[in-house]
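J.: The sequence shown begins at 2 in the numbering used here and counts up one residue at a time. Beta carbons: idealized from backbone N, C-alpha and C, even for Gly.
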Amino acid sequence: MKTGIPNQEHHAVVGAGLVGSLLGLMLAQRGYKVTIYDRRADPRKGKAIEGRSINLALSDRGWRALEKAGLAEKVREIALPIKGRRMHDHSGNETFQAYGVGNQCIYSVSRSGLNLILVTAAEEHPSLEVKFDFISTGYTIEDQDGMSGVTLNFKNRPDILHDRIFGADGAFSAIRGKMTRTNRFDFSQQYLPHGYKEIFMSANSQGGFRISEDGLHIWPRGNFMLMALPNPGGTFTCTLFAPFEGEESFDNIKSNGDVMAFFERHFPDTIQHLPNLIDDWNSNPVSSLCTVKCHPWNIKSRVVIIGDAAHAMVPFFGQGMNSGFEDCTILSSLIDESKPNSEAEWHSLLDKYTRVRKPAGDAILDLALHNYIVMRDKTGDPDYLIQKRIEARIAAHHPDRWKPLYSLVTFSHIPYADAWSRGEIQQAVMNEIMASNDISENWEKDEIIAQAIKLLDAFESGTDTIDRPLPLLSTDV
Ligand SMILES: Cc1cc2nc3c(=O)[nH]c(=O)nc-3n(C[C@H](O)[C@H](O)[C@H](O)COP(=O)(O)OP(=O)(O)OC[C@H]3O[C@@H](n4cnc5c(N)ncnc54)[C@H](O)[C@@H]3O)c2cc1C
């Protein structure tokens with residue numbers, strides 16, 4: 002195994018999921034020989050890729066990475082634009098909240114369709130190979146006795162020596178599992194008390210959408226919610242997020258009658274659109290949701306983790322894949338900038354990757370938990386809707402001063418941690434504005450905008466008297 006000259010280095014990527022296949026391609030595009038290993042069977046030779054959610058929201062950070070790899074146009078062919086949230090209250094009324102301004106939108110893409118595009122593009126690269134049915138069990142760093150590199154270990158297969166291992170093997174990463182046995186490696190995993198179940202909404206009899214296809218539909222009900230994201234072809238993937246235990250919980254829905262009663266109680270307007278509700282309920286599992294934090298993301302110059310393996314999060318900001326793709330953008334840019342030519346240079350590059358991306362990972366993890374509360378509890382709250390309208394007006398009048406937190410995360414490339422701090426300042430200003438007694442009558446007045454900017458000025462110049470909300474930590478849910 003030789004190191005130093007890119008095309009003589011042989012890197013392993015563990016995981017041919019969304020992040021691993023994109024990263025593998027980006028490494029090959031930079032002159033490295035790459036082998037991607039995945040524990041699954043080749044999805045093109047059997048059923049579609051199994052696993053979690055059927056569709057995903059792709060936004061600006063994800064698009065940037067796809068553009069960098071030359072795949073954006075191909076992915077656009079399977080992407081459906083989603084302009085905003087469509088909230089459904091108990092009485093069946095629907096409210097629309099645009100996600101951004103102008104043409105800003107997120108895109109619904111099929112997980113399996115996107116994964117197929119990525120794996121196929123990766124395999125078409127002459128210096129990249131994808132091997133399925135390879136279950137990694139960990140690694141051994143070989144930097145003594147004349148050996149140099151890192152051995153990738155497999156279940157029921159011989160070990161293979163590589164220069165570097167990139168662990169893109171998801172939330173329950175075997176590569177990270179081995180890293181946890183390194184001295185001073187921090188690791189925490191936290192399950193949400195809520196799980197999720199998917200239900201399919203078929204197309205109508207004319208093959209069209211049963212509900213408007215330009216929105217992510219939400220039926221917020223306090224401690225639980227139903228969501229629906231459209232797929233090309235007139236269908237929707239609906240997801241019920243609810244507690245595992247308690248009065249209104251998965252545990253308490255035991256019979257078909259319980260399922261119907263639950264939907265009649267909370268989502269009566271959806272029943273006519275869910276002809277397969279009972280079948281889907283009985284065949285789809287209740288899946289769990291967890292958050293994983295760890296540090297560092299690299300072991301010297303030899304092993305590094307990326308995507309969910311480094312920062313698994315709850316799905317409520319639609320940023321898990323997007324942030325994993327952003328990891329690929331940043332890592333490939335670091336390689337482009339420093340063109341590492343020795344183990345010392347790789348070590349310094351991977352240390353920098355950890356330093357830059359770890360705070361971003363922590364911030365988006367917390368933001369995702371925060372958005373869970375927002376979607377579940379707040380999106381149906383009249384005060385919240387007024388707040389969003391006021392914010393939209395401030396942003397329209399002062400686009401250089403005010404950007405809603407959702408836009409900072411979804412439609413910008415500023416570090417997630419900066420988006421989080423900016424969002425907290427704006428929330429503090431909005432808390433003051435919303436505290437005025439007559440806000441529900443006055444929210445459209447220009448003086449509200451002026452007051453918000455004055456408060457923002459005071460905050461930015463350090464002369465404010467506003468209580469800053471405490472950062473939400475992962476333990477707050
Ligand atoms: C319900 C839900 C909705 C979501 N919605 C969104 C969304 O709208 N937008 C968004 O950006 N994100 C979303 N996410 C998050 C997104 O799914 C993940 O962030 C993304 O899949 C992470 O990609 P990954 O490649 O890091 O990991 P994964 O997609 O988990 O891929 C890991 C790969 O590694 C392979 N593997 C695992 N272990 C081994 C092993 N030991 N050896 C070899 N191979 C192995 C697996 O087979 C798999 O192919 C959602 C997640 C959930 C659960």
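What does the Cβ neighbour count give for residue 19, buried or exposed, with the cut at 16 atoms within 10 Å?
T.: Looking at its Cβ environment, which holds 16 or more other Cβ atoms inside 10 Å, residue 19 is buried.
J.: In angstroms, rounded to a whole number, what distance separates the CA positions of residue 307 and residue 325?
T.: Their backbone Cα atoms lie some 7 Å apart in a straight line.
J.: Between residue 303 and residue 142, is the Cβ-Cβ spacing less than 7 Å?
T.: Yes, the Cβ-Cβ distance between residue 303 and residue 142 is below 7 Å.
J.: With burial defined as no fewer than 16 other Cβ atoms inside 10 Å of the residue's Cβ, what is the status of residue 111: buried or exposed?
T.: So residue 111 ends up on the buried side.
J.: Compute the Euclidean distance between the alpha carbons of residue 92 and residue 200, then round it to the nearest angstrom.
T.: C-alpha separation (whole angstroms): 22 Å.
J.: Are there 16 or more other CB atoms within 10 angstroms of the CB of residue 174, so buried, or fewer, so exposed?
T.: By the neighbour-count rule (16 or more Cβ atoms within 10 Å), residue 174 is buried.
J.: Taking only runs that begin and end inside the segment 75-103, name each unbroken beta strand (DSSP E) of 3 or more residues, in chain order.
T.: The qualifying runs are 81-83, 85-89, 95-99.
J.: Look at the alpha carbon of residue 60 and the alpha carbon of residue 230, and state the distance between them as a whole number of angstroms.
T.: The alpha-carbon atoms of residue 60 and residue 230 are separated by roughly 14 Å.
J.: For the segment 206-219 against the segment 323-341, are there 3 or more C-beta pairs whose distance is under 8 Å?
T.: No, the segment 206-219 does not touch the segment 323-341.
J.: On the three-state DSSP scale, how would you describe residue 449?
T.: Residue 449 falls in the helix class under three-state DSSP.
J.: When you compare the segment 414-423 with the segment 364-383, are there three or more beta-carbon pairs, one atom per stretch, that lie closer than 8 Å?
T.: Flag = yes, the segment 414-423 and the segment 364-383 touch.
J.: Check for me: the alpha helix (DSSP H) holding residue 410 runs from which residue to which?
T.: Element bounds for residue 410: 406-411.
J.: Which of helix, strand or coil does DSSP assign to residue 355?
T.: The answer is helix: DSSP assigns residue 355 an H, G or I state.
J.: Using the DSSP secondary-structure output, state which residues sit across from residue 130 in a beta bridge.
T.: In DSSP, residue 130 forms a bridge with 36.
J.: Do residue 84 and residue 281 have their C-beta atoms within less than 7 Å of each other?
T.: No. Outside cutoff.
J.: Taking 6 Å as the line, does the beta carbon of residue 316 fall inside it for any heavy atom of ligand 1?
T.: Indeed, a heavy atom of ligand 1 lies less than 6 Å from the Cβ.
J.: Would you grab the beta carbon distance between residue 494 and residue 354 for me? Rounded to a whole angstrom, and I think it's under 8 Å.
T.: There is simply no residue 494 to check, as the chain begins at 2 and stops at 478 in what is shown.
J.: Exposed or buried, what is residue 98 when buried is set at 16 or more other beta-carbons lying within 10 Å of its beta-carbon?
T.: Residue 98 comes out buried.
J.: Assess contact between the segment 126-136 and the segment 21-32, defined as three or more Cβ pairs (one per stretch) separated by less than 8 Å. Is contact present?
T.: Output reads yes: the segment 21-32 touches the segment 126-136.
J.: Our contact map puts residue 311 next to residue 291 with C-beta atoms below 8 Å; I'd like the distance itself, whole angstroms only.
T.: So it is not a contact: roughly 14 Å between Cβ atoms.
J.: For residue 201, list the residues DSSP reports as bridge partners.
T.: DSSP, once it has assigned bridges, lists 238 as partnering residue 201.
J.: What does the alpha-carbon distance come out to for the pair residue 10 and residue 409?
T.: Approximately 38 Å, taken between the alpha carbons.
J.: Are there any heavy atoms of ligand 1 lying less than 6 Å away from the beta-carbon of residue 79, as far as the coordinates show?
T.: False, no ligand heavy atom lies under 6 Å from that Cβ.
J.: Using 10 angstroms around the beta-carbon of residue 39, count the other beta-carbons present and answer buried if the total reaches 16, otherwise exposed.
T.: Buried, since its Cβ has 16 or more Cβ neighbours within 10 Å.
J.: Contact between the segment 238-252 and the segment 181-197 is defined here as three or more beta-carbon pairs at a separation below 8 Å; is this criterion met?
T.: Taking 8 Å as the limit for Cβ pairs, the verdict is that the segment 181-197 does touch the segment 238-252.
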